[in-house]
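Protein chains in written order, with the numbering used here: chain A, 1052 to 1398; chain B, 3 to 466. Take a look at the structure set out below.
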Amino acid sequence: MSRLPTPSPPALHAPHTRPPRRRASVGLALGLGLLVLFAGIRLFAPDATGDLLSNSVQDFFTLSISVVIESLPFVFLGILLSIAVQVWLPEGFLLRHLPRNAVARRVTISLLGVLLPVCECGNVPLARGLILRGLTVGESMTFLLAAPILNPVTIITTYQAFGWDDGILVARILGGFVIANLIGWIYSRHPSPMSLLTPTFQASCAHAHDEVRSSRTRRSVDMFTTETAAMLPALFVGSAVAGLIQVAVSRDLLVTLGQNPVLSVFALMALAFVIAICSNVDAFFILAFGSTFMPGAVVAFLVFGPMIDVKMLALMRTTFTARTLVQLTIIVGLASAALGLGVNAVA
Amino acid sequence: MSSESHTFRRRLVGSIVALAVLAGGFAFAGVVQGAQLESGEIDATRATRLAGQQLTLTVNQPVAEFDATGVEVEPAASVTAEADDRTIAITFDEPLDYDAEYTVRVPGVIGAYQGTASTLEYRFTTPDEPVYSLVRRSADGEEDAVQRTSFADPQPEVVFTAPRIQEFARAGDVLAVVTIDAQEHNALHLAQGDQAEPLELAIAPELTIRDLAASTTNPVLGFIADTPAFDGVKQYESALMTLDVSGAGAATPEPVLGLDGAPMRVIDWVFVPGTTSIVVQDFEQSLFLVDVLGARPPTPLGVHAEIRGFVPGTTDLVVADPDRGAVIDLGDGTTTTLELRSAELAENVYPGKITMLDDRARYLISLVAARVEGGQNARSSILAEVDDEGELVEVFAPAAESSLIRDYCVSPNGRYAAVATSPEESRPDGYSNKPGYADTMTSIVEIATARTVLSLPGGFSDWC
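Here it is as structure tokens:
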């Protein structure tokens, strides 16, 4: 028997706080007001207004906004898929269909990206949803790291950019798969997996299995609000950091380093970390640098970037503790470097 | 600490150490390894037509040093090499052979980041070259034909037929043919690739065409045009017309204009290899360098009696005057007097056409020996190469002693000669413009080895 949609229980709120409906209206009005303001500035300000800013500031805004614009559709797609998994997938559906053997289970999870093609930016909300649905923290990391590479869009764009040249495509796919499973294997034996998560997210995990007495639509809308509120600030901060570093660090320096068989690998990993580009398009980005970089460096860029970059760290910080992220970064970094150096040595 | 905690810590630290060792090992291997070739690039078609073409080898790091004098090329070709940042440019001093697989080895390459010397190796194949000839059979009541064969596929095939063909030229895959109709009027046909129906170009009525030729590197044709006088005025009189055949549609021939803006009256002309320029000789024997696209005004090159063509693959123009020959380098405008060593010839041997093979002293010469046999005059001919010492080496002699060399031309890469021969008793073929001999055969001879590599019926090779 279905229940009628019920408003959020007012009992949860202290008497002196504003009713949520009113707060929502204020928020909406504020948002619309800002939108009108920005549209007004855009329409009525003279074209030359932008010239008042220095080149570096203009670059900063252009680069930061480009990362946001590029990532935003995938963040929303990830949130929607996350809601679909959490709210609309029957309880236990995912867990029931995964193999019981831990290794086979992680391998299957690392290939989930093929079914849920989301850029790495969208994977964080989805991974959060999967943890709430009962996946272990280690397994969710496997998904989080593998899905941006092992998904059809990334594979096709990488093939379009490089074909079978220098084994870049194969190294990227295998590298992503192995690293994601290695991380899953390591964290599968963590003594208290919940301690890897931020206290805020732990709390939502604790409530995840509480009986929620509201309709699926209502829960979906609530979840959309929560996830958007968690993700968007992280995305904006991450994009701003990415923009800032790109303005501060000369790209020429990175390109010069890119010609050294050893340093090139680290230079491109640093570039991947800084520019925080989506995995669906990163192959074309690095192809544009032409033959400046060695194939191993390109592989390291294409493997490390989707897993770890400033924007991803900011997004992942909503879920994982700083200590966990440091460990994750070290392992993924070393593994990507080994892969890139290996490709350079063999190629 | 629990055993779970132990296992996790062991896996975490173990993985980090293992990955660090692996990365370090690969980094060491990468440093110890020498510089490697990333890619190579050459316009192989152009390299068979022009000297000075470059093979660009891109190395995976800046080149600190390499053995520029030790560069090896197979089959042998003389090269110069220099490095700039990540590229090594190998310049071929002469045009390359057709349909050949080249291997270039660059030894002693030391990169900026990897101290070990390595040898870079690059292979490429040059394209096959079609060879065309004109078979005149109208005297036997058959249609004339343009035939094509090639180094890789020596079976001749007919590519164009018409009742009477005066001449033809080839620009890339475009074949231009000048035909003669029953009223002795010319028509110009263009056939592209294996196009079944050649296009007949609209030209002024009763336009007479002669000296048709094509650039070996650009899709441009040229010919000298004359129109009959109407009311005492000729629209074109010995005007050099050029025709851009790069487009798919019908092009219009444009006259080459002189300094006065009127169509130039031309005695002789020739395309400058590798450019859109031509050298023309006007009725005062003045030579001009003219840009077909009209980008520059005509440049005077002095007064000379005769244009003798270009040193193969270069912009070195060979000219002749009654007292001497000279080479004009169109690249820098310098003129060098040619001091050719004459070979010692017997009294009954007469020299014929001379073609320079380089800009100093090597040349080809056709020789005719006259003797009396059984109370009758008999002639025999050979094609020979004369080197800078005046040493004469036979390159070609007709298989049948009774055959004579009627003409010969050197290929654009300077490595082959197309030699037209016909029996001594063969009759002229009756064409007033570009006359030839009946029963002509063309042999393609490799100059360096004196080996006949191809034979095809007809004469007037497209190299002429």
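Heads up, the beta-carbon is just placed ideally off N, CA and C, and yes, glycines get one too. Just so we're clear, the structure is a prediction, and the values are computed from it rather than from any experiment.
For ILE1359 (chain A), the closest Cβ of chain B is not nearer than 8 Å.
Taking the beta carbon of GLN63 (chain B) as reference, the chain A residues within 9 Å of it are GLN1310, ASN1311, PRO1312, SER1315, MET1345, listed in sequence order. In this structure, the beta-carbon distance from ILE1182 (chain A) to PHE1275 (chain A) does not fall below 8 Å. At a cut-off of 8 Å, the C-beta of TRP1236 (chain A) has a neighbouring C-beta in chain B. Pairing VAL1136 (chain A) with ALA1293 (chain A) gives a Cβ-Cβ distance that is not under 8 Å.
For SER383 (chain B), there is no enclosing alpha helix (DSSP H); the residue is part of the beta strand (DSSP E) that begins and ends at 378 to 388. For GLY32 (chain B), the chain A residues whose C-beta falls within less than 7 Å of its own C-beta are PRO1312, VAL1313, LEU1392, ASN1395, ALA1396, listed in chain order. Annotation: VAL180 (chain B) to ILE226 (chain B) spans about 12 Å, alpha carbon to alpha carbon. With fewer than 16 other Cβ atoms inside 10 Å of its own Cβ, VAL1221 (chain A) counts as exposed.
Residue pairing by DSSP puts ILE182 (chain B) in a beta bridge opposite B:ASN188. At a Cβ-Cβ threshold of 8 Å, ARG408 (chain B) and GLY333 (chain B) do not count as neighbours.
Taking the beta carbon of GLN116 (chain B) as reference, the chain A residues within 7 Å of it are PRO1312, listed in sequence order. Residue-level contact by beta carbon holds for PRO1242 (chain A) and chain B, with a gap shorter than 8 Å. Among the residues of the stretch 1355 to 1380 of chain A, those with a Cβ less than 7 Å away from any Cβ of chain B are GLN1378, in the order of the chain. For ASP228 (chain B), there is no enclosing alpha helix (DSSP H); the enclosing beta strand (DSSP E) has its first and last residue at 222 to 228. Per DSSP, the continuous beta strand (DSSP E) segment holding PHE398 (chain B) begins and ends at 394 to 398. Along the length of the stretch 34 to 111 of chain B, whole alpha helix (DSSP H) runs at least 4 residues long occupy 46 to 49, reported in chain order. Setting aside the 5 residues that flank it on each side, VAL455 (chain B) is surrounded in the same chain by ILE446, GLU448, each with a C-beta closer than 6 Å to its C-beta; the list follows chain order. With respect to MET1367 (chain A), ILE1130 (chain A) sits apart: the two C-beta atoms are not nearer than 8 Å. Around the C-beta of ILE1206 (chain A), 16 or more other C-beta atoms lie within 10 Å, and the residue is accordingly described as buried. Looking at the DSSP output, VAL1126 (chain A) sits in no beta bridge, so it has no partner there. Contact check for PHE94 (chain B) against GLY42 (chain B) fails: the beta carbons are separated by 8 Å or more. Proximity of THR58 (chain B) to chain A, defined by a Cβ-Cβ separation below 8 Å, is not satisfied. A check of alpha carbon separations from ASP284 (chain B) across B:ASP293, B:LEU303, B:PRO275 identifies B:LEU303 as the nearest.
Minimum Cα-Cα distance from ARG1223 (chain A) among the listed residues A:GLY1309, A:ALA1080, A:SER1330 corresponds to A:SER1330. Taking CB atoms only, LEU24 (chain B) has a neighbour in chain A less than 8 Å away. Put simply, the CB of ILE1382 (chain A) is near chain B, with a gap under 8 Å to one of its CB atoms.
ASP1360 (chain A) counts as buried, since at least 16 other C-beta atoms from the protein chains shown sit within 10 angstroms of its C-beta. With contacts defined as CB atoms closer than 8 Å, PRO132 (chain B) and ARG150 (chain B) qualify as a contacting pair. Counted as a single uninterrupted DSSP element, the alpha helix (DSSP H) harbouring TYR1238 (chain A) occupies residues 1219 to 1238.
Straight-line measurement puts the Cα of VAL73 (chain B) at about 47 Å from the Cα of PRO257 (chain B). For LEU303 (chain B), no pairing in a beta bridge is given by DSSP. Interface residue (Cβ-Cβ distance to chain A less than 8 Å): THR9 (chain B) is classified as such. Look at the stretch 1323 to 1338 of chain A: it has no residue with a C-beta under 7 Å from a C-beta of chain B.
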